[in-house]
Amino acid sequence: MNNLLDNIPAIPVGPWVESVMDWLTSNFSMFFNLIQKNGKLLMNQVTDLLVSIPPIILILLIVIFAFFVTGKKFGLATFSLIGLLFIYNQGLWTHLMETTTLVLFSSIISIILGIPLGILMSKSTVAENVIKPILDFMQTMPGFVYLIPAVAFFGIGIVPGVFASVIFALPPTVRMTNLGIRQVPKELVEAADSYGSTSKQKLFKVEIPLAKSTIMAGINQTVMLSLSMVVTASMIGAPGLGREVLTALQRTQVGNGFVAGLGLVIFAIVIDRLTQSFNKKKAV
Amino acid sequence: MEKIKVEHVSKVFGKHIPQALELVKQQKSKTDILKETGATVGVYDASFTVNEGEIFVIMGLSGSGKSTLIRLLNRLIEPTSGNIYIDGENISKMGKESLRKVRRNKMSMVFQNFGLFPHRTLLQNTEYGLEIRGISKEERQAKAEQALDNAGLLAYKDQYPSQLSGGMQQRVGLARALANDPEILLMDEAFSALDPLIRKEMQDELLDLQSTLKKTILFITHDLNEALRIGDRIAIMKDGSIIQIGTGEEILTNPANDYVKTFVEDVDRSKVLTAENAMVRPVSVNVDVDGPTVALKRMREETVSLLMAVDKNRHLKGYITADDARAAAKRQEQTVHSIVQSDMLTVPPDMLLQDILGLIHNSPTPIAVVKDERLLGVLIRGVVIEALSTSDEEAIANE
Numbered sequence: 001m002n003n004l005l006d007n008i009p010a011i012p013v014g015p016w017v018e019s020v021m022d023w024l025t026s027n028f029s030m031f032f033n034l035i036q037k038n039g040k041l042l043m044n045q046v047t048d049l050l051v052s053i054p055p056i057i058l059i060l061l062i063v064i065f066a067f068f069v070t071g072k073k074f075g076l077a078t079f080s081l082i083g084l085l086f087i088y089n090q091g092l093w094t095h096l097m098e099t100t101t102l103v104l105f106s107s108i109i110s111i112i113l114g115i116p117l118g119i120l121m122s123k124s125t126v127a128e129n130v131i132k133p134i135l136d137f138m139q140t141m142p143g144f145v146y147l148i149p150a151v152a153f154f155g156i157g158i159v160p161g162v163f164a165s166v167i168f169a170l171p172p173t174v175r176m177t178n179l180g181i182r183q184v185p186k187e188l189v190e191a192a193d194s195y196g197s198t199s200k201q202k203l204f205k206v207e208i209p210l211a212k213s214t215i216m217a218g219i220n221q222t223v224m225l226s227l228s229m230v231v232t233a234s235m236i237g238a239p240g241l242g243r244e245v246l247t248a249l250q251r252t253q254v255g256n257g258f259v260a261g262l263g264l265v266i267f268a269i270v271i272d273r274l275t276q277s278f279n280k281k282k283a284v
Numbered sequence: 285m286e287k288i289k290v291e292h293v294s295k296v297f298g299k300h301i302p303q304a305l306e307l308v309k310q311q312k313s314k315t316d317i318l319k320e321t322g323a324t325v326g327v328y329d330a331s332f333t334v335n336e337g338e339i340f341v342i343m344g345l346s347g348s349g350k351s352t353l354i355r356l357l358n359r360l361i362e363p364t365s366g367n368i369y370i371d372g373e374n375i376s377k378m379g380k381e382s383l384r385k386v387r388r389n390k391m392s393m394v395f396q397n398f399g400l401f402p403h404r405t406l407l408q409n410t411e412y413g414l415e416i417r418g419i420s421k422e423e424r425q426a427k428a429e430q431a432l433d434n435a436g437l438l439a440y441k442d443q444y445p446s447q448l449s450g451g452m453q454q455r456v457g458l459a460r461a462l463a464n465d466p467e468i469l470l471m472d473e474a475f476s477a478l479d480p481l482i483r484k485e486m487q488d489e490l491l492d493l494q495s496t497l498k499k500t501i502l503f504i505t506h507d508l509n510e511a512l513r514i515g516d517r518i519a520i521m522k523d524g525s526i527i528q529i530g531t532g533e534e535i536l537t538n539p540a541n542d543y544v545k546t547f548v549e550d551v552d553r554s555k556v557l558t559a560e561n562a563m564v565r566p567v568s569v570n571v572d573v574d575g576p577t578v579a580l581k582r583m584r585e586e587t588v589s590l591l592m593a594v595d596k597n598r599h600l601k602g603y604i605t606a607d608d609a610r611a612a613a614k615r616q617e618q619t620v621h622s623i624v625q626s627d628m629l630t631v632p633p634d635m636l637l638q639d640i641l642g643l644i645h646n647s648p649t650p651i652a653v654v655k656d657e658r659l660l661g662v663l664i665r666g667v668v669i670e671a672l673s674t675s676d677e678e679a680i681a682n683e
């Protein structure tokens, strides 16, 4: 029996994938280079801009924003103040700004791609059946794997980091947009139809407003996931707090690793609570 | 004049549709068809016409296909076969664009659970139909405000639907439909989610509206009493087929088959309603302690001109009138003993309302419901007549 199985030659899946990658990199290198170059330029500018704002002013702005967005409560505002001052105190401010740029770009790109994909999925069962397994694939594949094509396409640095983060962080927005729109009560969809709405009117006047809080929950997840890719992406040269963690790991500096990790946790909590309360405030 | 004409319309859900239609022709039951083909018959071979300005009621229990049928008219559900004409235009063969035009201009729908958009204020809900037609903001708001004003809800225009009671929400649902000024109103169990009293009020309002607006109304209900109250003509549905169409009178006097007959028998509630079902809480004075001033005060509070007189054991002694109490109060009497009149008609709680109707007609005072000398309640003419004419919601719900 074993012989029989051994007689089947190994299917060259790996080589196939490699040749596809080769073909992509050689034929689209112009395109990838363009993105790499301009993306890097743009993101560096954003980071420079963030760094150029005096930290104390930025911290105060975030604190005030947190205070109002949470409905004039002091909890998150106080936490943000202490947490961000701590990060500054530990000399991680520039790294935090780099991480912010990374998360900002990968989240925005994920949202721009994810919401239309989710709408497409909710409107077409065929699209749903095609996209769903792809999303499952994207979410179960370990995040490290995305680093390989990212490096192949874009080399190292922040751009491949964003690329890998987008692949990793995209699914929740797509899924939740689809779910939110499909969950709009049937009677309301019928009401919109019975008055003669076009599909566009129905989508923008009824479905998206009603799905908004679900979509926002998806976006919150996407932001969190792209934040969780920060450390992984630092392996291919993405700058930020993640790189500090990675460096500490490589040099077995427990203290430094802990501090950088703590900085990430603080940042994650602030962003998570901010996006969540934004959702609560907006939901009618 | 004929407004809507439905010709041999069928709707089958699922697969193997031709086979299922074939089986329906062989008069197989819904369950047999489902077993053999996996298809569900929603509506089978429905034909009827609705005249302009008429309230046409489609009545049937849940699962009879009535909600499917009404959705075939504006093609929220696509018919499997058959033709539907509105003003001579074949709706079932229309393209998307013309269908949208018909939906926008000719008919509006009112939903069982109101179908109001929770993220829009009442005004924004009411103007929805006008908004998607591209009517300017001032014009559509003026029209929507007018519609809300007619429904008596203008003061609430900036509130959200969740802040309103069910009855108010459905008034908005109706206002939204009317703001569009449609020729046809499709009402899908529009009042079924409301409690009985509000429901009756809404029925009255609809009839009031209809007397001035003269819309063509297609009304779906599971309640024959509601159908009889508001319908000019009624169609009764069972298992997707229409089994009888006629005026209320025709259906009551000449039911097409046993199925209709059981409904009709159910409707004659006076046969089973007793005094107990229709009596209201009595407003009374205790002759052992209360004086004429207390009696007058209570009359003012409860806005009645007549009080039941009982003793401390709630045994009925008679009644006192406002005039007598006023006179006694002037005479500064301390008790009401002298003014209690005992010539009061009393009935036992299990007496049939039908029999009471004759008595109450000639009685100058309300009738007291008494058991073992104790006063249980009073019967007022209006309430008795209402009890006889409205449905017993619970009985229907239990079926």
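Top line first, the protein sequences correspond to chains A and B. Residue numbers for the first sequence follow my numbering, beginning at 1 and rising by one. Residue numbers for the second sequence follow my numbering, beginning at 285 and rising by one. Glycine residues also receive a C-beta, built at the ideal position from the N, C-alpha and C atoms. Remember, predicted model here, so these are calculated numbers, not experimental data.
Looking from the CA of Val325(B), the closest CA among Gly337(B), Thr587(B), Ile375(B) and Gln311(B) belongs to Gln311(B). Put simply, of Arg417(B), Thr410(B) and Thr630(B) the residue whose alpha carbon is nearest the alpha carbon of Gln425(B) is Thr410(B).
With distances taken between CA atoms, Leu227(A) lies nearest to Gly240(A) out of Leu34(A), Ala217(A), Gly240(A) and Ile8(A). If only uninterrupted beta strand (DSSP E) runs of at least 3 residues are considered, those enclosed by the stretch 514–539 of chain B are 517–522 and 525–530. For Val578(B), the enclosing alpha helix (DSSP H) has its first and last residue at Pro576 to Glu586. Spanning the alpha carbons of Lys498(B) and Glu429(B) requires a straight line of approximately 21 Å. Close CB contacts of Val63(A) within its chain, under the 6 Å cut and outside five residues either way in sequence, are with Ala77, Ser80 and Leu81 (chain order).
The beta carbon of Val126(A) sits no closer than 9 Å to any beta carbon of chain B. Remark: three or more beta-carbon pairs, one from each stretch, lie closer than 8 Å, so the stretch 163–175 of chain A and the stretch 124–138 of chain A are flagged as touching. Pairwise C-beta distances place the stretch 434–443 of chain B out of contact with the stretch 389–401 of chain B, as fewer than three of them are shorter than 8 Å. Its chain contains Phe168, Ala169 and Pro172 as the residues whose beta carbon lies nearer than 7 Å to that of Leu225(A), once the 5 sequence neighbours on both sides are disregarded; these appear in chain order.
Within the stretch 634–659 of chain B, the complete alpha helix (DSSP H) segments at least 4 residues long are 637–646, listed from N- to C-terminus.
Of all residues in the stretch 173–191 of chain A, those with a C-beta nearer than 7 Å to a C-beta of chain B are Glu187, Leu188, Glu190 and Ala191, reading in chain order.
Any Cβ of chain B closer than 9 Å to the Cβ of Asp22(A) would place that residue at the interface, and such an atom is absent. In the three-state reduction of the DSSP assignment, Phe475(B) falls in the coil class, being assigned neither a helical nor a strand state. The alpha-carbon of Pro576(B) is positioned some 5 Å away from that of Ala613(B). Chain A has no Cβ within less than 9 Å of the Cβ of Gln487(B).
DSSP, reduced to helix, strand and coil, places Glu411(B) outside both helices and strands of the structure shown, so it counts as coil. Contacts with chain A at 9 Å (Cβ-Cβ) include Phe395(B). Of all alpha-carbon atoms in Val293(B), Glu485(B) and Asp516(B), the one lying nearest the alpha-carbon of Gly366(B) is that of Val293(B). Taking the Cα of Lys202(A) as reference, the smallest distance to any Cα among Val564(B), Tyr369(B) and Arg384(B) is reached at Arg384(B).
When DSSP reads this structure, Phe297(B) sits in a beta bridge with Thr324(B). Here Asn464(B) is buried: its Cβ has 16 or more other Cβ atoms, across all protein chains shown, within 10 Å. Chain-order list of chain A residues neighbouring Ser392(B): Ser194 and Tyr195, by C-beta distance under 9 Å. Contact annotation: in the stretch 206–220 of chain A, residues whose CB is within less than 7 Å of a CB in chain B are Val206, Pro209 and Leu210.
Of all residues in the stretch 371–382 of chain B, none has a C-beta nearer than 8 Å to a C-beta of chain A.
Between the stretch 327–341 of chain B and the stretch 264–283 of chain A there are fewer than three C-beta pairs closer than 8 Å, too few to call the two in contact. Taking Val159(A) as reference, the option from Met121(A), Met97(A), Gly218(A) and Ile35(A) with the minimal CA-CA separation is Ile35(A). A straight-line Cα-Cα distance of about 6 Å links Ala562(B) and Val668(B). The straight-line gap separating the alpha-carbon atoms of Phe153(A) and Phe32(A) is approximately 6 Å. The alpha-carbon separation between His300(B) and Ser376(B) amounts to approximately 21 Å. Ser626(B) places its beta carbon less than 9 Å from that of Lys601(B). In terms of beta-carbon proximity, Gln201(A) lines the interface with chain B, with at least one pair separated by less than 9 Å. Around the beta carbon of Ser420(B), fewer than 16 other beta carbons sit within 10 angstroms, so the residue counts as exposed. Proximity of Tyr440(B) to chain A, defined by a Cβ-Cβ separation below 9 Å, is not satisfied. Inclusion of Glu560(B) and Leu641(B) in the CB contact set at 9 Å is not warranted, their separation being larger than that value.
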